[in-house]
Structure formats: C-alpha cells, structure tokens
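S.K.:
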Amino acid sequence: MTGFRLNSGGLVNRGRAMSFTFDGREMTGFEGDTLASALIANDQLLVARSFKYHRPRGIVTAGSAEPNALLTIGSGARSEPNTRATVAELYHGLTAASQNRWPSLQYDIGSVNSLLSPFLGAGFYYKTFMWPAAFWEKVYEPIIRRAAGLGKAVMEADPDRYEKAWGHCDLLVIGAGPTGLMAARAAGRAGLRVILVDESFRLGGSLLSERVSVGGMAAAAFADQVVAELKNLPNVTLMPRTTVFGWYDDNVFGAVEKVQKHVAVPSADLPVERLWRIVAKRAILASGAEERPLVFGGNDKPGVMTSGAVRSYLNRYGVAAGQTVAVFTNGGAGYRTAADLCAAGVEVAAIIDGRAGSTDAGPQGVRVLRGGSVTKTTGRLRLSGLIAERSGLEETIACDALAMSGGFSPIIHLACQRGAKPVWSDSHQAFLAPDVGGQFVPAGSAAGLASLAACLRDGATKGHAAIAALGRLVGDIDLPEVEGEYDASFAPLWYVPGAKDKAFTDFQNDVHVKDLALSQREAMGHVEHTKRYTTGGMATDQGKLGNVNAAGIIAGMRGVSPAAIGTTTFRPFYTPVSFGAMAGTSRAEHSRPVRQSPLHGWAKKNGAVFVEAGLWYRSSWFPREGEKTWRDSVDREVLTVRKSAGLCDVSTLGKIEVFGKDAAEFLNRLYSNAFLKLPVGRARYGLMLREDGMVYDDGTTSRLSDQHFFVTTTTAYAGEVMSHMEFAAQALWPDLDVRFVSSSDQWAQMSLAGPKARAILQPLVEDDLSNEAFPFLSARAVTLKGGLKARLFRISFSGELAFELAVPAGYGEAVADQIMEAGEAHGICAYGVEALNVLRIEKGHVTHNELDGRTTPDDVGLGKMVSTQKPDFIGKRLSSRFGLTAADRPQLVGLKPVEKDKEIKAGAHLLKENAKPSMTNDQGHVSSVCFSPVLGQYIALAFLKSGRERLGERVVVWDGLRGTEVLAEVCSPVFVDPDNIQLHL
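Counting in my numbering, the sequence shown runs without a single skipped number right up to 1000 at its last residue.
(1) Ser322: which of Leu309, Ala304, Val908, Gly349 sits nearest, CA to CA?
(2) State the DSSP-derived secondary structure class of Arg208, mapped to helix, strand or coil.
(3) Report the three-state DSSP secondary structure of Asp521 (helix, strand or coil).
(4) Put Thr862 into one of helix, strand or coil per three-state DSSP.
(5) Ends of the beta strand (DSSP E) at Glu1026?
(6) Whose CA, out of Ala796, Gly802, Phe818, lies closest to the CA of Leu776?
(7) Considering Cα atoms alone, identify which of Gln906, Met170, Gly136 is closest to Ser94.
(8) How would you call Met254, buried or exposed, if buried means at least 16 neighbouring beta carbons within 10 angstroms?
(9) Please classify Asp530 as buried or exposed, where buried requires at least 16 other C-beta atoms within 10 Å of its C-beta.
(10) Quick one: complete beta strand (DSSP E) runs, 3+ long, within the region 449-532?
(11) Applying the 10 Å Cβ sphere with the 16-neighbour rule, what's the burial state of Thr1002?
(12) Taking 7 Å as the limit between beta carbons, can you name the residues of its chain near Ala598, skipping five residues before and five after?
(13) Assign Tyr732 to buried or exposed, taking buried as 16 or more other Cβ atoms, counted over all protein chains shown, within 10 Å of its Cβ.
(14) Would you report the Cα separation of Trp181 and Val271, rounded to the nearest angstrom?
(15) Could you give the residue range of the beta strand (DSSP E) that holds Asn28?
(16) If contacts are defined as beta-carbon pairs under 8 Å, then Ile568 and Val542 qualify, I think. What distance do you get, rounded to the angstrom?
(17) Tell me the rounded alpha-carbon separation between Leu211 and Val278.
(18) Going by CA-CA distance only, name the one from Leu488, Val310, Gly478, Gly452 that's closest to Gly421.
(19) Does Phe237 come out as helix, strand or coil in the three-state DSSP assignment?
(20) Quick one: any contact between the region 656-666 and the region 604-618, if contact means 3 or more CB pairs under 8 Å?
(21) Which same chain residues, not among the five before or five after Ala465, have their C-beta less than 7 Å away from its C-beta?
(22) What three-state label does DSSP hand Gln444 in the structure shown?
(23) Across the region 703-715 and the region 731-745, are there enough close Cβ pairs to call them in contact, namely three or more that are closer than 8 Å?
(24) Taking Cβ positions, are Arg586 and Gly595 nearer each other than 9 Å?
(25) Tell me the DSSP secondary structure of Arg226 in three-state form.
(26) Does the beta-carbon distance from Ala623 to Ala845 come in below 9 Å?
(27) Counting Cβ pairs, one atom from each stretch, are 3 or more of them under 8 Å apart for the region 820-832 and the region 853-863?
(28) Taking just the CA atoms, how far does Ile299 sit from Ser388?
(29) Short of 6 Å in beta carbon distance, which residues of its chain neighbour Val294, apart from the five on each side in sequence? Order them along the chain.
(30) Do Asp516 and Gly561 count as a contact pair if the criterion is CB distance below 9 Å?
(31) Got a sec? Which residues, its chain only, sit under 6 Å from Arg351 by beta carbon, not counting five neighbours each side?
(32) Pull the bridge partners of Tyr700 from the DSSP assignment, please.
(33) Helix, strand or coil for Val853, going by three-state DSSP, please let me know.
(34) Helix, strand or coil for Arg639, going by three-state DSSP, please let me know.
(35) Using 8 Å as the Cβ pair cut-off and three pairs as the minimum, do the region 674-685 and the region 758-766 touch?
(36) So, helix, strand or coil for His277, using DSSP?
Given below as structure tokens:
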C-alpha cells in the first residue's frame, strides 16, 4: 500500500502545515487532519501489532470503532495510551508511538506467536496453565501479566485539570451528521433549548465525506451552512469533540468533552476534559451506522480498510489509501467508493462483488467480478495483492489497498444500555434499536435508514415530533433536495468460505472464525459465553466493529437466524473515558469532601492535632508546651478526665431524628433490645444486628416525646445506618407510620466528662442537673443561660460522670468556649479521640474494632441485649444458629502483660503457653490496645476462645509480623470502676 496526499481536494487547511512524530520519525500533516489521515498521507500504514499473535495491523476505519490504530500520544506525564488515531485531532508537535511491540514495530519479536497459533486458540489459557500447579504463581502468571495489555499506564502525576458540569435542555441530539443537523435545526427554529453533541472536531458527520449535492451545494458546504445557522441561535448549544458515553435514569446522559486534547501544551486556565451530565426532556439518537468489515482470509493486513473509511480519507482529508485500490463489497457502498476514487484520479484495480446477481454499475473502465470473493491477501507488513475466486477460478490481483464493505450496523449502543435488547431485522440485515419510549428515539441511519434523503427527512420529522411533545408550535418541514444518491442496499455475507489465511472477526483480540467454531464445539454456544471464551468483543472497542459479524457467523454455524443468537450486553461506556474525567476536581486532597464539625474552630484554637476519620477531621489530641510526644498529651488528658473533667467534640456521631406514631415499633424491630416502652426523657444503649445475626452498629436512642426519638450511630456507619433504616421502612415494613431524617450537621455535640462535670455545667444551664433530677441515661431538652435551647443527654463513653450537650451548630464554638471558661477553676482540659479511645478501653466499651462484622452480641459480652421476649427484630432468627452460639466462640476479654513494662500490639494472635504458632493452635486475636495512665501499663481488649471461662489464665500474645511474644493475663474487659460508681455520681 502506498498512501499519499492528493494534490487538491479535502477539507483540511493546506495553508497550515503541522509537524508531528510517529515512533520518532518526523512527519507533516495539515490543520483538520486526524492522526490517522496524516499517517496515511505519510505512507505509514503499519501502525500496530495485534494483541495475541502480534500480526502487523493497519488503520481499518475512520472513526471511534477503530480496533487497530491504538497509539500512545504525548510524552511524560501527558502520555496517553490506547488513543485511537482515527479520532485524535492532529496538532503541531504531537508525538505518537506504537504499542505492544518489541524491539520495534517493524521487527517485533512477539510475532513468533503467529507460529504458535495452533496452540493459542480460543480458551487455550483455560487448558494450558493447569499443570504443574506450582508453576502458576512462579512462571505462568508473571509471564501473562507482562504480556497483558496494549499501552503502558503512566506512573507520573497528571499535570492537567479536569472538571464536571451539568447541562439541561429540552432536546439532546446525539450526532451532528445529516440526521442530527436536521433535527437540531428544526427544534432550534421552534425555540427549544437544544444541545447538539458530536465526537468529531468538525460537525457534519458523513456529509463531510460525501461528494453528493444537498440543497444545490456540496454536502460539506450544506453542513457548514446549517452549523452556522445553529451557532446564531441563542437557544442552541453546539458541543463538538464531545462523546455521549452513557444513558442513565431520568433521561440523564453522560458525555465527555475534549476541551484541550488537541493542543500540545494545555492552558492552565481550562480543563483538558470536561465530564457532562446532561438532563434532557427528549433525546434523539442520530449516531449513524457502522460499516461492517468482510470476514475473509487475510482481512487484517495493513492496507485493508472499510470502504467508508477509504472514502472519508479521500473526500474529507484529501488522502488516498493507495495508488491502486481494489474494492470487495456486498452492496452499493463499494461502488460508491470506487466512483469517488476514480473521480480523484486513483486507480481502481477491480471491484469484487459477492453478489452474483448484482446490477450495480462500476465506474467506466473498472473491472467488476460479480459473484466473486477474496480468499487471501498477500504482502508481509503491508498489502501487495489479493487472490480473488469466482466459480472455482482463482486469480491474483495486484493492489496496495483494499476497500471492503459488508453492510451497515446502526450504532444503537446507548439505547440498549439500560437493559433493552436490540431487535434483529431481516429486511435490514441488522440489529435495530429497541423501543425505549418517546423520551429517547433513534433517527436516520441509527434507525436503519439507508439513503441520505431518508436520513435528512427522518431527522427533521423526529425533531418536529419532539417539538410537538413539548407543547411547542410545529412549523413546516424544510427539506433540501439531494442529488447524486447511490443504492446503499446490500446482501448478507457473513463469512467468505475458502479462506487461505485466518479470517478475523475481532481485529483487536485476534479472534478468527475457527475460534468461533471451537467455542461452539466446546459448549460455549451462548453469545455471552462465546465472548468470554474467545475474548471477541472485549477490550477497548467492545465489539463495535466485529460483534454483528460474529453473531451472523455463529447463526450460520447453528443454522438459525441472527435473531436467535442476539448480541452481547451493551454497557457504558460507549468509548473509553479517562479516570481524570471521572474524577474531575476530586483529586489529591480534594479526592473526597472534607467534613469539619461545628466545633472544628474551637478545637483548632485550642491547639488540636487533627486526624482523618472517614470524611471527618477529628481532634486527635491537644498538645501543651513541654509535652514531647503524643502519648504525653494523651496521658495527661486521660488523667484529667478521670480526676477532674474534660471536654470532647462528639459532633461527628451520626444523628437521626425518628418521628411517627409507629416510631417506637419501628425501632423495636430495628434493634435487638427493647425500645417499645422506653419512657419519654430517657435514653437507652442499643444494638442493631444484620440479618445474619452479627452486630451491625451500636449507639444510644433517646425518646424526646411520645412520637419523637433521637438516634445516634457510630461516626463510621452514620450513612450506612440511615440507608439501613430507609430499606427497613420501605421494603420490610412499609405499613408502619414512621419518618426519619439525618440531623448530623444540625447539632454541635460535646461530651463533658469527669467527676467535676456537673459542677462545671450547672452554672450554664437553667435546669436542675442534680442526680435526682437528671439521673444516668436522662435525655431531654434544656435551656442554657441566656435562653438558648439545647438538648442534654446523661450518657458516658468514658465511664465517668458525663453529659453530652447538643446545641444548634452555629452556637457550638461559643458554647464550648463558655464551658472551658467555666471549667478553668476546676482544671478542665480539652481531650481528643486518642484519649477517648484510652478511656473507653479502660472501661471495656466496644467500637468497630470489636464490632467488625464477625461478632455477635454475646461475643462482645452484650448477649443480654438480645431480647427473648420480642416476637421479631432484624437478625433474630439467624442469631440462634448453632455456629453463633457455640461455647468455644471467641469472646471479649481484657489482657494485661504479666511484665508491666511489656507492650501488646493490636492484631496480634493469642496462643496457649508453649503452643506453636499455627492456625490449629490459634486462640484468638487482639482488637484494641492502649497504654493506661491510670494503671501504668499497656492493656488490651481481645477475643479469646471461651474467653469468659478463662479469666486468670495466661496466654501468649504472638505477633509474627513484628516478631514479638508477650505473656499476658486474661482478665475482665472492664479495667476501671467495674461497679460503675462514677457513672452515677
């Protein structure tokens, strides 16, 4: 094949040359070129090596279905692998490199795989790597991993910006070809808000590649005229370089706009890509149709292209695919390409027409072989000729390019992404879009129409239908006249028999006809099984070019219609979407939203060191001058709380308000313990179980009035518990009159703990806080001095006398300041979650370190909280399974090192004395550890088999990761104040 630039013609700007490199070779193109058209113009037809066999591969298409020309564009951190050269806009300074070859594209050592092809058929990996078993990890897997993939991921940080945006419109038109332009023009003239999107950098679609006359002018000129009109309509938004990749609920479409992918050095003021979520009242799918390749021997040779691609490069880019071009077709499209080639002065070697009874006329002087076929192509790294066969007679035809046309498949992927299946049409010999309702309709070629005039008419008609559906006045349909149309009909030709080389259906994954036959013989006949067994239709193109051919071939093998075979599932994304576009601005420190509690400012000015706890920034400890380590600060805070008082921010706990006449019944079914008779003004600690009987979450629930409860959850599970409650209310018990809402951000909540807590808080509160008036587990509304309404709960996570005060979020910092000022004379301190963790371990309270999804209430010593009187609650039935009630289950215990100066580490395993470390001898594990300044030693909470029966026993705490062994005594998990005297002061 000898590709070259025509002396004239095309729509590129010949006055602006652009230099670029491919595999280090300097080349030149023009403004308006794609990388693919520029490569062909520079006679660079070999652009890739195939995935499995490393066969030479060239450019096949001129659009986003391209399976071969996947290149790495850019360098350094801006290097982008697997970019389709057929849609990559050429720019000055572009650098491109081929992939999947070594040491070079021309001399690729991987091509030895072609010689091994008899052993590398479909599913070979399921059969080949079974023996010896030890080789899998040591030999097979490393080799496979090195061979997998095409391009190489960039390990440097992406220097560019990405962003996300929302778009809203009355009508979204997907595709700016003839159909889309007519639909957008009709709707725009009627005043609808229209968004017109197209993946190309120039709007016009197939009009840019045709030589017909539309409205008395060249097709490309007509497209420009319509685009100019649309640009001048304020209610119309044109979005070139934008691909709609997904259709989602409520007629929301996902789209990616390539804002600066066509420049060498992007501006820092703009994103390189923008991800759009477009909400459309109506949408028209005007995505066109994909020309199918023909399946014949050697159809993957560089120089073999679809007929439409040859015509696009010729008419739009002024590039000839070769000096001498042959055409292999089963319909009129091939004759159209031959005519355009002749008109441009390119020699056409022959037209091989698979239809014996064809009446299409070839260009003057061009030989036509009706009823003929191509059985083989010749040439090593590029096409040099072909072998044509007709009625048993073979002949060799010299050519350096071959245009193939196997019919057309409407591009209907978007319409099928929400579960609806394509519908086979015998009359169209193609799969058509299913009826998904009036909100989203196919039009033009996407609806199976073949002629340009029909597509123009259908676009206008569908546009007018949208206008009427949205209640606007519908005008007359304005249709241009089309001159120079051709017969686009075709006859099915799924596979050319007599192939003398591999006949590929999937170029990207090296899947050929024999692979499909093997899948049928080996009981992988379902199209989804065939896909996974052969890998046909996988990877970056998802079968856009080859899957319909594969379905037709399988149908022929089984003697049924393609309707009985169907297609594989269509899913987003239609074309690959970069991680950068999906992330948008959510990267580095902005990768997740930062949540700061209403008391964050208070903690900051008191010198807090913050820790990330999920999305929250929580105060971890409050260092003071002279304290050298975090432990110094934490020890001081713990001792201050035990002896005097401390103030801690607990605003991050989940808070859910529950209302309704059935609110008590709802919570009674949700928790394992009883809540039906909880008195107003009282709080209760509760356990939620999963259906399997394991603890899901814990927290307190307060009854503020007869039909109003206030539920707290752990910080980590606030969202999950809310979702759990939503599911229970909507799916399990929809008959209950209950409503709930999250109020986590509404309240600033602080815990004042310590023996002097009441003395500090009482002067700030109007209500009586004495033990008689406000006993342990009281919960009610109170009034602060000055009239501020608040909520007060007498609950404690530290084991000390404690009050949790909740005030409206905006008052949190001021109230905390007043408490600190009032407590100054009593020696108050601010304490963080590290001290809180020490306080709760000393008291034997559990967190998700213990409630890790594998523990039952009895495991953590809370078995009595599982009601035996309630008729039902979530988890009741499965919590009584034998495995959850076995006597040797790990149970929560405390651990103290026998030698007080020894340190225990969380995650360590427990062994009996003198036992060898093994799974058989494993007795449990350590869940939480801290240094207790009260006891002057390390203490731990752990799970030990039959632990409550083994108090006083000694166990070995074995940490194989850190190489330590510590002898420890098993004790009660409550290390401080086991009689709870402090709670009731």
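Using N, Cα and C, we set each Cβ at its ideal position, and we do this for glycine too.
M.R.: On the basis of the data shown:
(1) For the options Leu309, Ala304, Val908, Gly349, the alpha carbon positioned closest to that of Ser322 is the one of Gly349.
(2) Three-state result, Arg208: coil.
(3) Asp521 falls in the strand class under three-state DSSP.
(4) DSSP places Thr862 in coil when its eight states are reduced to three.
(5) The first residue shown for the chain is 16 and the last is 1000, placing residue 1026 beyond what the model contains.
(6) Distances from the CA of Leu776 to each of Ala796, Gly802, Phe818 were compared; the closest alpha carbon is that of Phe818.
(7) Selected option, being the one with the closest Cα: Met170.
(8) Classification for Met254: buried.
(9) Asp530 is buried by the Cβ-count criterion.
(10) 455-457, 519-521, all fully within the region 449-532.
(11) Nothing in the structure corresponds to residue 1002, since the chain is present only between 16 and 1000.
(12) Only Tyr177 meet the Cβ criterion.
(13) Per the 10 Å Cβ criterion, buried.
(14) The straight-line gap separating the alpha-carbon atoms of Trp181 and Val271 is approximately 12 Å.
(15) Per DSSP, Asn28 belongs to the beta strand (DSSP E) from 28-37.
(16) Actually they are not in contact, since the Cβ atoms of Ile568 and Val542 sit about 11 Å apart, beyond 8 Å.
(17) Our two residues, Leu211 and Val278, have alpha carbons roughly 23 Å apart in a direct line.
(18) Nearest of Leu488, Val310, Gly478, Gly452 to Gly421, Cα basis: Val310.
(19) Correct three-state label for Phe237: helix.
(20) Between the region 656-666 and the region 604-618, the count of Cβ pairs shorter than 8 Å is three or higher; the stretches touch.
(21) Excluding sequence neighbours, Ala465 sits near Ala503, Ser504.
(22) Here Gln444 sits in coil by DSSP.
(23) Of all C-beta pairs linking the region 703-715 to the region 731-745, three or more are shorter than 8 Å, placing the two stretches in contact.
(24) For Arg586 and Gly595, no; Cβs fall outside 9 Å.
(25) Three-state DSSP puts Arg226 in coil, outside helix and strand.
(26) The answer is yes: Cβ separation under 9 Å.
(27) Contact fails: fewer than three Cβ-Cβ distances are below 8 Å.
(28) Approximately 38 Å between the Cα atoms of the pair.
(29) Cβ-Cβ distances below 6 Å link Val294 to His183, Val267 in the same chain, with the five nearest sequence neighbours on each side left out; the list follows chain order.
(30) No.
(31) Closer than 6 Å at Cβ, skipping near neighbours: Tyr501.
(32) Within the DSSP secondary-structure output, Tyr700 pairs in a beta bridge with Thr715.
(33) Looking at Val853 - three-state DSSP - the assignment turns out to be helix.
(34) Coil.
(35) Segments in contact, no.
(36) His277: coil per DSSP, three-state reduction.
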